[in-house]
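See structure below.
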Amino acid sequence: MTAQVSSEARHAETLQDEVLAEVRNHIGHLTLNRPAGLNAITLPMVRSLASQLQAWADDPQVYAVVLRGTGDKAFCAGGDIRSLYDSFKNGDTLHQDFFVEEYALDLAIHHYRKPVLALMDGFVLGGGMGLVQGADLRVVTERSRLAMPEVAIGYFPDVGGSYFLPRVPGELGIYLGVTGVQIRAADALYCGLADWYLESARFADLDRKLDGLQWQGSPLKDLQGVLAKLAVQQLPDAPLAALRPAIDHFFALPDVASIVEQLQEVTVADSREWGLTTADLMKTRSPLAMAVTLEMLRRGRRLPLEQCFALELHLDRQWFERGDLIEGVRALIIDKDKRPRWNPSTLHELTPSQVQSFFDHFKKVVN
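Take our numbering: the final residue in the sequence shown is number 557, and no numbers are missing along the way.
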């Protein structure tokens with residue numbers, strides 16, 4: 191009996207240690223601490239984050255929150271997709287519970303009553319983007335790699351992606367969601383997916399200034415004042431700035447098949463290589479996931495935040511049975527043959543009615 195209790199205690203401690211929490215100088219510091227897994231979030235981590243954020247929201251001695259990840263590779267490389275795959279295959283409910291609670295956490299950050307500063311060092315992918323896009327102050331570094339890469343595994347950009355992606359200027363967010371490409375610091379600032387740039391080597395300076403901060407009455411302004419002394423809000427030569435006219439043209443086309451077809455026929459010299467590369471990339475993605483993503487993002491552009499999360503949950507409830515996620519995880523994570531058998535296999539086999547069927551009865555879900 192003693193050995194069993196000790197084992198359970200160690201297990202609980204391990205789960206708790208995947209999210210580190212401490213308060214210094216009226217700032218709650220939350221650290222994702224799963225570096226071997228690139229800080230990918232699990233359901234216990236979601237629950238730990240939600241519980242701690244709620245406790246600090248109610249604590250008058252905590253003025254602000256700083257969110258970061260352990261290690262130099264990733265803030266958070268998304269959700270623990272393998273566990274969701276196993277849950278579905280085993281007939282469990284984890285894959286259903288995870289999205290409900292993850293989205294509730296992300297929404298809580300959007301509405302958090304105290305300023306949140308997110309340090310987006312390394313990979314910030316999928317679920318990591320969900321954690322930071324509701325933050326008041328989002329800092330990127332020279333190591334930052336941001337993406338909503340879900341279409342690569344037969345899924346769609348969730349965690350509020352249907353809200354924040356279509357609100358990126360022009361068609362840039364549509365491009366990022368439908369292709370799943372990664373962007374770096376300059377493009378993150380240009381797209382409005384980050385607010386500040388700070389070299390990772392200066393995080394220690396940032397922590398020292400936060401630890402010694404003399405609060406003046408407005409926590410958000412006080413934090414902004416600290417960042418203004420260390421960081422910048424713009425970087426030169428954002429690649430997407432040069433590509434913006436082409437992206438705005440092609441990703442406003444009516445459907446994914448038209449986008450791919452016309453990308454292959456780009457005649458403008460400055461955009462031709464990008465067009466061909468993008469078309470080739472899209473041919474490797476799930477046709478169904480890209481088409482549903484395009485429709486979701488265009489709908490999300492007209493929906494408030496809460497309904498965007500409701501729309502994503504509506505899609506989730508169908509996706510494990512009807513979507514390509516299970517096949518994508520099998521090909522890229524389980525068997526690693528990197529040869530997913532998408533259904534349908536090509537964009538030309540996909541009908542508009544198949545895409546629209548995923549959105550049927552959505553209003554009933556919201557109401």
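Built from N, CA and C at the ideal position, the CB exists for glycine as well.
Please look up how many angstroms separate the CB atoms of residue i and residue j, rounded, as I've assumed it's under 8 Å.
| i | j | result |
| --- | --- | --- |
| Gly-312 | Asp-262 | 6 Å |
| Phe-346 | Met-486 | 6 Å |
| Gly-344 | Asp-514 | 3 Å |
| Gly-259 | Thr-221 | 7 Å |
| Gly-382 | Glu-340 | That belief does not hold up - the Cβ atoms of Gly-382 and Glu-340 are roughly 20 Å apart, past 8 Å. |
| Lys-304 | Tyr-387 | Not really, about 24 Å apart at Cβ, beyond 8 Å. |
| Val-561 | Leu-210 | Given that the chain is displayed from residue 191 to residue 557, the structure contains no residue 561 and the question cannot be resolved. |
| Ala-384 | Val-330 | 4 Å |
| Ala-521 | Arg-529 | 6 Å |
| Phe-441 | Val-368 | 7 Å |
Buried or exposed for residue i, please, with buried defined as at least 16 other CB atoms from any protein chain shown within 10 angstroms of its CB.
| i | result |
| --- | --- |
| His-504 | buried |
| Thr-483 | buried |
| Asn-560 | The structure shown does not extend to residue 560, since the chain spans only 191 to 557, so no value can be given for it. |
| Asn-215 | exposed |
| Ala-391 | exposed |
| Pro-477 | buried |
| Ile-299 | buried |
| Ala-418 | exposed |
| Thr-536 | exposed |
| Val-458 | exposed |
| Asp-296 | buried |
| His-285 | buried |
| Trp-405 | exposed |
| Gln-323 | buried |
| Asp-270 | buried |
Name the DSSP beta bridge partners of residue i, please?
| i | result |
| --- | --- |
| Ala-337 | Leu-315 |
| Gly-259 | Leu-222 |
| Cys-187 | A query on residue 187 cannot be resolved here, the shown segment of the chain reaching from 191 to 557 and no further. |
| Arg-434 | In DSSP, Arg-434 forms no bridge with anything. |
| Glu-291 | Bridge partners of Glu-291: none, in fact. |
| Val-329 | Leu-309, Trp-386 |
| Leu-210 | Thr-221 |
| Ala-254 | Ile-217 |
Measure the C-alpha to C-alpha separation of residue i and residue j and round it to an integer number of angstroms.
| i | j | result |
| --- | --- | --- |
| Asp-438 | Gly-360 | 6 Å |
| Leu-403 | Arg-488 | 43 Å |
| Pro-234 | Gln-544 | 35 Å |
| Thr-468 | Arg-491 | 23 Å |
| Thr-232 | Asp-470 | 33 Å |
| Ser-448 | Ala-376 | 29 Å |
| Met-319 | Asn-533 | 27 Å |
| Arg-475 | Ala-342 | 5 Å |
| Arg-335 | Glu-292 | 21 Å |
| Asp-282 | Pro-250 | 40 Å |
| Val-422 | Lys-553 | 43 Å |
| Leu-158 | Leu-327 | The structure shown does not extend to residue 158, since the chain is modelled only from 191 to 557, so the question has no answer here. |
| Ala-294 | Asp-287 | 11 Å |
| Asp-550 | Ala-432 | 38 Å |
| Arg-333 | His-219 | 21 Å |
| Ser-461 | Gln-452 | 12 Å |
| Val-306 | Ala-325 | 5 Å |
| Ile-524 | Arg-272 | 8 Å |
Quick one: complete beta strand (DSSP E) runs, 3+ long, within the region 217-242? 217-222
In the region 481-550, which residue ranges form an unbroken beta strand (DSSP E) of at least 3 residues, counting only runs that do not cross its ends? none
Only counting runs of 4 or more residues, tell me where the alpha helix (DSSP H) segments fall wholly within the region 334-406, in order along the chain. 351-354, 362-369, 375-381, 393-401
As an exercise, report each continuous alpha helix (DSSP H) stretch of at least 4 residues that is fully enclosed by the region 418-468, in chain order. 429-440, 446-453
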